[in-house]
Each structure stands twice: as structure tokens, then as C-alpha cells.
């Protein structure tokens with residue numbers, strides 16, 4: 008595949024909008040504060056700044072790749088469309104009853120999250136389709152006509168349609184949707200047989216509801232973005248990074264915005280995976296810390312871990328089960344409210360707590376001088392000497408240490424009766440321990456031993472905290488890639504064009520029907536290729552087939568990778584072997600004598616990207632020239648230490664600096680604690696290795 012030579016990746020975060028411009032002479036990057044009222048303005052400002060640095064005209068840009076948290080933020084803040092939900096008679100309350108699991112066993116006052124659509128806006132049709140696609144109760148036209156009038160009378164912005172077993176037969180959903188489109192051409196309509204054609208009504212209903220809820224807002228935003236870019240001379244096509252880590256057209260994103268739930272963080276996982284392959288690392292813990300959140304992802308064998316379902320908008324302490332489970336391809340990661348802008352407070356037990364509230368970019372941390380009065384992680388880092396007030400964001404933002412001291416002292420120090428420096432240390436230790444705990448839980452849930460992983464840290468905040476995290480987790484090696492401060496935006500430039508098509512097709516493996524599977528896979532391939540070819544018409548592609556399988560009677564399936572081929576009925580023994588191998592890896596054993604079932608199929612078609620260049624490895628080096636010496640607080644030693652300050656450009660291949668040290672660059676700062684040594688690598692990365700450890 009021949010990639011465009013001048014491409015720009017843009018990631019909108021909660022505090023900063025990151026831009027990475029790839030051009031003939033290299034890579035130009037920058038960070039600008041996110042504009043909450045007009046996010047497209049921050050994108051344009053960042054692109055203009057990066058293009059000016061690179062010395063190229065806006066018209067020379069050939070491709071714009073964008074990731075956004077707009078969908079997730081809209082769901083969390085409930086800022087979506089006025090929505091109607093149409094379902095089968097008797098299933099109106101599925102989204103309110105949920106799975107009936109208690110996500111907090113002993114909370115007697117447990118309050119379940121409110122459904123996205125209130126009960127009075129959920130309507131039913133007297134129809135029914137069976138699990139094998141047969142029409143058990145036809146949908147009468149007078150039912151359809153009456154429903155059209157009900158929707159029109161409600162003055163809704165969007166409609167979600169989710170009927171029982173529509174993944175097996177979509178005729179009733181399409182009949183209803185066609186009637187609504189004819190009566191109200193401007194009405195936004197989503198149907199579950201297109202958005203999530205899979206078994207299980209709860210996640211399928213949630214997914215189509217989420218899609219419909221945010222579609223008008225996302226379509227409006229993307230339309231404004233494309234128009235603003237074009238008006239300012241950027242006529243290049245715009246592509247979006249979807250949650251599964253691939254690129255789709257802006258038109259597809261506007262139709263299926265549910266695929267954008269984790270588009271920004273997915274770019275970071277791609278960025279880390281690229282360096283994992285370059286350094287021949289098969290066990291990597293990706294650590295992405297920005298201004299609002301921290302994301303942790305497992306990367307094994309050069310690829311981030313992915314999943315077919317995702318829980319969004321958790322309402323109870325980020326606890327699993329307290330949000331909405333949606334069926335959409337996603338890079339699997341754990342995300343917590345721990346970023347540079349996360350606000351520190353004191354709880355009812357006089358303990359320092361950090362997040363999930365964030366000062367974001369408006370007003371931002373107290374040290375930004377933009378009106379913020381609450382202490383944040385950035386304020387704490389500034390007071391502990393880990394940030395240079397005159398060289399933050401390349402000098403674009405002047406930090407005010409006196410404002411940080413006032414905020415920390417007033418909100419934390421005085422109530423606790425401690426010095427502001429001690430309170431600042433408490434803030435950083437709490438946020439570091441929160442992130443370390445999240446990493447431990449994520450690796451344990453996946454049956455892995457975290458001490459055997461290498462950490463790759465990126466995002467504006469991660470290089471400040473990653474070394475301390477490694478100390479807490481017992482991790483020996485840490486890599487800080489070049490461009491770490493805008494890692495997600497760079498990751499966008501390294502993503503393939505890809506699309507995952509899914510289909511529910513229930514079969515007992517003993518009665519495997521190869522012809523039915525082949526027919527379904529042909530439809531999946533046609534669907535996936537149509538989307539991929541929009542952005543990569545001449546690309547070589549790969550296909551990845553996954554069957555979701557279980558033992559009969561089990562409540563959930565596991566993903567089983569299968570070769571993509573034309574199946575015969577006799578292939579059931581091969582499929583059985585693949586299932587048992589996958590099951591044994593996850594659970595350590597198989598269950599003899601139980602029937603095996605296949606519920607859903609997934610086919611990913613992706614463009615083939617060039618192989619990454621292998622990085623020359625340096626495990627020791629000669630001392631780099633220091634710029635000066637400055638003090639910072641080393642948490643492990645519980646004292647302030649004299650640290651060498653070195654510019655990142657001085658850390659070329661084979662150059663090293665022993666901790667304590669501070670390595671500075673425009674978009675971030677890397678803290679090397681006293682327990683580690685930093686060594687420049689052949690690809691511009693920094694390898695931070697624990698002292699005393701050998702190769």
C-alpha cells in the first residue's frame with residue numbers, strides 16, 4: 008500500500024489537542040489547549056501551527072486522520088439527541104432491567120444507572136421473528152403507520168430500532184425504518200441489524216441506542232470540521248480512527264458513531280504496538296496518561312488486545328457493571344480518571360483523593376493562570392520540581408508556581424495540617440498508586456504476570472509518572488518513544504484502514520453447516536471490503552476471522568481465531584480443536600462431554616502496512632551532556648534530590664544519563680528516578696532500566 012506522503016493526525020483530549028504532521032522532511036508535532044465550545048477550531052489552530060513549523064502549505068496536506076472523545080463525553084454527560092426507541096412487544100424494559108447483576112454486592116442503597124431512553128419514549132410493535140429468522144408474527148402495515156404517527160408527534164431528533172432476533176432476519180426493522188424515512192427524511196434512524204447484528208438483545212439494544220443518541224451531534228460536528236478545514240485550504244479527505252484501531256471514512260463515522268467510543272485511546276495502543284515490534288518485545292504494558300485520564304493496555308506479540316464488547320459511561324466509581332455494555336470492536340484497556348488535570352480533594356475520612364473530576368483546559372490547573380482554583384496533579388508535579396514553569400508545552404504556557412502553592416495549601420494542606428509540599432507528594436503518590444492498581448488488576452484479569460512486561464509510556468503525563476509506576480510494579484524496563492507527548496496522534500498515522508463486520512449465526516458444532524457459514528462470511532467480506540476500499544482502494548489486505556464459541560449452558564463466549572477459508576461440514580473437528588486450545592489457554596482445562604456452540608462471527612479486513620524498522624538496541628552508553636542541575640522530589644527516597652537536566656535531543660543512540668535526572672522536550676518531561684538509568688536507543692527512544700539489572 009502506498010501511503011500519502013503528507014498526512015496529519017489529530018487527537019482531541021480532555022485538556023490538550025495533539026497534532027502530528029508527517030511530511031517529506033520528517034514529523035512536526037504540537038499541542039494546543041482543547042476548545043470545548045468549538046473543538047474543530049483547536050484542530051485547525053494545531054494544524055496551522057504544525058504546518059508553519061514544517062514550512063508547508065495547508066493545501067499540501069493529503070490526508071487528515073482524527074480521533075475524538077466526543078461520543079464518550081456525550082454519553083457520560085447525557086448530551087445527546089431526544090431519542091425514541093422502538094422494540095418488540097414485551098421487551099420494552101430490557102434496557103432498564105439490564106442483566107440483573109449487582110455491581111456492588113453489599114451496597115444496600117445501590118442505584119442503577121438510568122437507561123438512555125426514558126420509559127415514556129420506548130415504544131413497541133406487535134411482531135416477532137424467531138432465533139432462526141422465521142417470521143412468527145408478521146408486522147402489519149397499520150402497526151407501522153401508527154408508530155410513524157407516534158414518533159412524529161413526539162418531535163424526536165433520532166430513532167433507534169431494535170427488534171427481537173433481527174440479526175437473523177432484518178425485514179421488520181427495515182420495514183419500520185423505511186416508513187419513518189419516507190415520512191420524515193431528516194430524522195436520524197439507526198437499526199440494530201446494521202449497527203450490531205449479533206445475538207443477545209441487551210448489548211444489541213444498547214448499541215443501537217448509543218449510536219442513535221449521538222448520531223446527530225457527531226454528524227453535525229464532523230460536517231463542521233470538514234467545512235472549516237476546506238474553508239482554510241485543507242481539501243484533503245478526512246478519516247476517523249475507530250475504537251478497534253483502524254481507519255474509516257468520515258461518512259462511515261457519521262453513520263456509525265458508536266464505533267468511535269475509544270478512538271483516541273486506540274491510537275495510543277497502535278503507537279505503543281509499533282514500538283513493541285520495533286524493539287522485538289512480545290509482552291508490553293502500554294501506559295498512556297494525558298490531561299484527563301490514564302489508559303493501560305496489554306500488547307502481546309506486537310498487537311494490542313482487542314474485544315467485541317465494551318462498557319461505557321460507568322456511573323459507580325468506574326466499577327465494572329455500572330455502565331452500558333455495547334457490542335462494538337474495541338481495543339481492550341482499563342481507563343481511570345487520572346491525568347494531569349485531575350483534581351485532588353479530601354474525602355470524608357480525611358484522605359487525599361485524585362479524580363475523576365478534571366480541571367480540563369477550561370479553566371485548567373491552577374498553575375495555568377486561567378482561573379482554576381482547585382489543586383491538580385499538574386500543580387503537585389510543579390511544586391515537586393518535576394516541571395519547569397518556563398518550559399511547559401515548549402514554553403507556550405507559562406506555569407505559576409505561586410498559584411499552585413495557594414491551591415494546594417488551601418484545599419489540602421490547611422485542612423490536613425501539613426505543608427503544601429507534603430500535600431503535593433500525597434497527590435502524586437495517590438495518583439501513581441491508583442494507576443499501579445489499575446495495571447495490576449488488568450494484567451491479573453488476563454492471567455498475566457506484570458513483572459515480566461516492559462512498559463511503554465506516552466502522552467503528556469506518562470513520562471512524568473512512568474518511572475515511579477515501574478518502581479511500584481516491579482517492572483525492570485521502561486521505554487519512552489520519540490514524540491511521546493503526542494503519541495496517540497502519531498499512532499493515527501500508523502493505523503491501517505480496517506473494518507470489522509459481525510453477524511449472529513447460532514449453530515451447535517455437532518450440526519455444523521458449512522454452507523450457511525460460507526454464505527454469512529461472503530456477506531461479511533463484501534461489507535468489510537466496501538468500507539476499507541473507500542480509504543485504501545489499491546491496498547493489499549489481510550482478513551482475520553473469529554468465531555465466538557462456548558460450551559452449551561455457559562453464559563458467555565470466548566473468541567476463537569479460525570483460518571479464513573471456505574468451510575465444509577467436516578471442518579467441525581478442526582474448529583473443535585481450535586476452541587479447546589483457546590479455552591485451555593484461558594482457563595487451564597477443557598470440559599469433556601459438553602456440547603459446543605457457535606453464536607457470532609466476526610471478520611476483520613485491514614490494509615497491510617509497511618513493516619516497522621527494527622531499533623538498534625543499546626543497553627549501556629556514554630554520559631550525555633547535561634544542561635544544568637535542578638531539584639525534584641524522588642518519591643521512593645522520600646526526599647528532594649539534585650538531578651541532571653538533559654535535553655531530549657542530547658539523548659542520541661548510545662548516550663545515557665543516570666538517575667536522578669530530568670529529560671526535557673517540548674511536549675513532555677521524562678523523570679528518571681534515582682533507581683533507573685536512561686539510555687538513548689537507535690530509533691530515538693529512551694530505555695529506562697533499573698540499576699543493577701543485567702540484560
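Residue numbers (my numbering): 8 to 702.
Using N, Cα and C, we set each Cβ at its ideal position, and we do this for glycine too.
On a predicted model such as this, the values are computed, not experimentally measured, just so you know.
Check                                                                                                                             : Outcome
Alpha-carbon spacing of residue 132 relative to residue 206, whole angstroms                                                      : 20 Å
Chain-order list of residues whose beta-carbon lies under 7 Å from that of residue 291 (same chain, five-residue window excluded) : 279, 283, 306, 460, 461, 463
Pairwise C-alpha distance: residue 98 and residue 670                                                                             : 58 Å
Residue of 468, 455, 424, 456 minimising C-alpha distance to residue 442                                                          : 468
Exposure label - residue 439; buried when at least 16 CB within 10 Å                                                              : buried
CA-to-CA distance, residue 251 to residue 293, given in whole angstroms                                                           : 16 Å
Whether residue 703 touches residue 379 by CB criterion (8 Å)                                                                     : Outside the shown range of the chain (8 to 702) lies residue 703, about which nothing can therefore be said.
Segment contact, 8 Å Cβ cut-off, at least three pairs: the region 12-29 with the region 490-505                                   : yes
Among 66, 220, 689, the one whose alpha carbon lies nearest that of residue 194                                                   : 220
Residue from 480, 272, 395, 381 whose Cα sits closest to the Cα of residue 434                                                    : 381
Within the region 541-571, ranges of the beta strand (DSSP E) (whole runs, at least 3 residues)                                   : 548-558, 565-569
Collapsed DSSP secondary structure at residue 284 in the structure displayed                                                      : helix
Where residue 80 falls: helix, strand or coil (DSSP)                                                                              : helix
C-alpha distance - residue 694 paired with residue 417, whole-angstrom precision                                                  : 39 Å
Rounded separation between residue 8 and residue 69 - CA only                                                                     : Reliability fails at residue 8, whose pLDDT of 44 lies under 50, so the model's placement of it is uncertain and the value that follows must be treated cautiously. If I take the Cα positions, the gap works out to 15 Å.
Complete beta strand (DSSP E) runs within the region 441-485 (minimum length 3 residues, chain order)                             : 461-465
Simplified DSSP state of residue 407, which is helix, strand or coil                                                              : coil
Reference residue 331, options 275, 265, 344, 40, closest by Cα                                                                   : 265
Whether residue 201 touches residue 82 by CB criterion (8 Å)                                                                      : no
Cα-Cα separation between residue 493 and residue 601, rounded to whole angstroms                                                  : 50 Å
Nearest-angstrom Cα separation, counted from residue 42 out to residue 48                                                         : 7 Å
Proximity winner among 447, 520, 517, 532, relative to residue 505 (alpha-carbon distances)                                       : 532
Cβ-Cβ separation, residue 50 to residue 232 (assumed contact under 8 Å), whole Å                                                  : 7 Å
Three-state secondary structure assigned by DSSP to residue 579                                                                   : helix
Cβ-based neighbour list, residue 483, same chain, cut-off 6 Å, excluding 5 preceding and 5 following                              : 697, 700
Helix, strand or coil at residue 8 according to DSSP, with G and I counted as helix                                               : Confidence is the limiting factor: at residue 8 the pLDDT is only 44, short of 50, which leaves the residue's position unreliable, though a coordinate-based value still follows. Of the three classes helix, strand and coil, the one that applies to residue 8 here is coil, per DSSP.
Residue 176 versus residue 226 - alpha carbon distance                                                                            : 28 Å
Short Cβ contact (8 Å threshold) for residue 631 with residue 663                                                                 : yes
Whole-angstrom distance between residue 515 and residue 598, CA atom to CA atom                                                   : 16 Å
Stretch-stretch touch, CB-based, cutoff 8 Å, three pairs: the region 566-577 with the region 544-553                              : yes
Residue 248 to residue 444 span [Cα, whole Å]                                                                                     : 29 Å
7 Å CB neighbourhood of residue 661 in its chain, flanking five on each side removed                                              : 625, 628, 629, 687
Contact the region 396-414 vs the region 447-457: 3+ CB pairs below 8 Å                                                           : no
Residues near residue 557 in its chain [Cβ-Cβ closer than 6 Å; skip 5 each side]                                                  : 564, 604
Neighbour-count burial assignment, residue 12, 16 or more Cβ in a 10 Å radius                                                     : exposed
Spatial distance of residue 475 from residue 253 (CA atoms)                                                                       : 32 Å
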